[in-house]
Amino acid sequence: MSFQEGSVPRKRLGTSGEGFGADFLVLDAEGRTLRGLNPTAARIWALCDGKRTARAVAEQVASEFSTDVGPVLTDTLGFLGELQRRGLLDEVRAPAGAAPLEET
Numbered sequence: 302m303s304f305q306e307g308s309v310p311r312k313r314l315g316t317s318g319e320g321f322g323a324d325f326l327v328l329d330a331e332g333r334t335l336r337g338l339n340p341t342a343a344r345i346w347a348l349c350d351g352k353r354t355a356r357a358v359a360e361q362v363a364s365e366f367s368t369d370v371g372p373v374l375t376d377t378l379g380f381l382g383e384l385q386r387r388g389l390l391d392e393v394r395a396p397a398g399a400a401p402l403e404e405t
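Numbering (our numbering), first residue to last: 302 to 405.
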């Protein structure tokens with residue numbers, strides 16, 4: 302399953318992310334380092350709280366990095382899909398009629 306604008310990404314139980322100086326590493330539930338993230342990717346990871354939609358995540362990142370949301374949304378959806386394939390994220394369904402959370 303691939304992420305869509307209305308998908309709600311949530312970190313998989315047992316995964317973690319940690320900054321070490323200029324590096325940000327994501328660990329799977331078994332504690333294996335799977336990914337070093339750049340600052341934009343680390344921010345996307347931080348925003349995957351199971352409450353925000355993928356679109357809300359992209360809008361927040363675009364705002365913080367002062368860029369257009371269109372390309373950020375495309376990149377965010379691809380990145381979320383990659384994290385899901387690596388077993389780091391799950392997709393949760395937003396309740397019908399629920400407004401997405403757009404602020405941090």
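Where a beta carbon is used, it is the ideal one built from N, C-alpha and C, also for glycine.
Reduced DSSP secondary structure (H/G/I, E/B, other) of residue i
i, result
"D369", "coil"
"G388", "coil"
"E319", "strand"
"T334", "strand"
"R353", "coil"
"F325", "strand"
"F304", "coil"
Cβ-based neighbour list, residue i, same chain, cut-off 6 Å, excluding 5 preceding and 5 following
i, result
"F304", "A355, L378, L381, G382"
"S308", "A355, E392"
Own chain partners of residue i with C-beta closer than 8 Å, once the 5 adjacent residues on each side are dropped
i, result
"W346", "K312, G318, F325, V327, L338, L384"
Sequence-distant residues of the same chain with beta carbon closer than 7 Å to residue i, five excluded per side
i, result
"T334", "L326, L328"
"F366", "T341"
"G388", "R313, D329"
Those residues which DSSP pairs with residue i across a bridge
i, result
"R311", "D350, D391"
Exercise for the section: Please determine if the segment 318–334 and the segment 357–365 are in contact, where contact requires at least 3 C-beta pairs separated by less than 8 Å. Expected result: no
Exercise for the section: Report yes or no: do the segment 366–381 and the segment 323–331 share at least 3 C-beta pairs separated by less than 8 Å? Expected result: The segment 366–381 is not in contact with the segment 323–331.
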